[in-house]
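When we follow this note's numbering, the leftmost residue of the sequence shown carries the number 144, and every step to the right adds one.
Beta carbons: idealized from backbone N, C-alpha and C, even for Gly.
Everything on this sheet refers to the single structure shown next.
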Amino acid sequence: MRDALLLLLRRRRRHQGLGSRSDDTSLLDILSNVLGVLVLITALTSIFAAAGSLNIQAPMTRKSQQGFHLLQASGAGIWDLDPALQRMLILDRQRVNAVERCNQQTGYSQQQCRSSLDRWNRDQQIGSVNLRLDHREGSLQRVGPPTVSTTDLQLSPDWLDQLMASLARQRRSVFVVLESDGFSTYRSIKVAAQRHGVRLGWEPWQSDQPIYFWSNSGRTLTVQ
């Protein structure tokens with residue numbers, strides 16, 4: 144399955160109908176246009192604070208074969224968001240398949256099918272990361288202890304080295320959502336990434352806030 148930093152493109156609101164083109168479009172069909180955000184691409188991506196949450200907005204405008212691994216860093220350690228990210232892709236494909244099955248029906252059967260999907264949503268916990276997904280949006284939020292604590296990183300950097308070696312073999316980059324107290328943790332990530340020749344991008348983040356994925360507008364993200 145393809146990887147991507149930006150996992151969920153905004154759906155039109157429910158009053159436009161589940162049969163709309165936007166609901167039929169899977170993330171997997173669109174991600175080819177979003178891969179490449181960390182390679183100094185021309186992209187429209189923004190991160191802004193609203194109602195206590197941070198939102199990633201993204202359509203990417205240039206194609207790339209570069210994949211990304213998503214981490215969140217704080218003073219407590221590192222959360223590996225990628226398994227939850229990949230799970231969200233699978234759930235979104237299931238959502239799209241269900242919509243497509245409705246569209247293949249006609250008349251009253253189609254109306255009933257669409258009605259049954261009107262409240263479609265998923266709420267799951269993958270490790271220490273909670274994911275939520277519906278027709279309009281998706282989000283990830285760390286809800287438990289880090290995948291690797293700061294103490295473990297200090298005692299042994301093996302986890303980071305193994306991750307970066309794997310990403311280097313796969314020609315993938317790493318992107319870090321960085322909390323205000325996580326710069327020491329970020330430096331450890333950066334050292335490991337540079338050691339293995341893995342490209343690195345980051346953005347500042349608010350502690351304990353969900354990460355929402357949208358598709359409206361934005362700015363360019365870069366790598367170091």
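#1: Nearest by alpha-carbon distance to Arg314: which of Leu234, Asp324, Val341 is it?
#2: For Leu343, write down the residues that DSSP places opposite it in a beta bridge.
#3: Along the alpha helix (DSSP H) that carries Val334, what are the first and last residues, could you check?
#4: In or out: Glu243 buried (at least 16 other Cβ within 10 Å) or exposed?
#5: Do Gly344 and Val291 have their C-beta atoms closer together than 8 Å?
#6: Have a look at Ser207 and Val317 and give me their C-alpha separation to the nearest angstrom.
#7: Quick check on the DSSP output: the beta strand (DSSP E) that includes Arg257 runs from which residue to which?
#8: Could you pull out every residue in the same chain whose Cβ sits closer than 6 Å to the Cβ of Gly195, ignoring the five residues on either side in sequence?
#9: Tell me the rounded alpha-carbon separation between Ala216 and Val239.
#10: Anyone know if the C-beta pair for Ile269 and Val320 falls short of 8 Å?
#11: Please list the segments of the alpha helix (DSSP H) lying wholly inside the region 270-308, counting only runs of 4 or more residues, in order along the chain.
#12: Do Ala123 and Leu303 have their C-beta atoms within less than 8 Å of each other?
#13: Terminal residues of the continuous beta strand (DSSP E) containing Ala219?
#14: If you compare alpha carbons, which of Trp348, Glu346, Glu322, Arg338 is closest to Gly218?
#15: DSSP three-state label for Gln237, please.
#16: Taking only the alpha-carbon atoms, compute the straight-line gap between Arg262 and Leu234 and give it to the nearest angstrom.
#17: Identify whether Gln229 lies in helix, strand or coil by the three-state DSSP scheme.
#18: Taking the CB atoms as reference points, tell me whether Asn264 and Leu276 lie closer together than 8 Å.
Walking through what the data contain:
#1: Val341
#2: Val317
#3: 326-338
#4: exposed
#5: no
#6: Its pLDDT being 43, under 50, Ser207 is placed unreliably by the model, and the measurement read from it follows with that caveat. If you take the alpha carbons of Ser207 and Val317, they lie about 15 Å apart.
#7: Segment 250-260 is the alpha helix (DSSP H) holding Arg257; no beta strand (DSSP E) there.
#8: Because Gly195 sits at a pLDDT of 32, beneath the cut-off of 50, its placement in the model cannot be relied upon, and the following sentence gives the value as read from the coordinates. Here the set comprises nothing.
#9: 32 Å
#10: no
#11: 293-298
#12: Because the chain is modelled from 144 through 367, residue 123 falls outside the range shown and cannot be assessed.
#13: Unbroken run through Ala219: none, as it is neither H nor E.
#14: Glu322
#15: helix
#16: 15 Å
#17: helix
#18: yes
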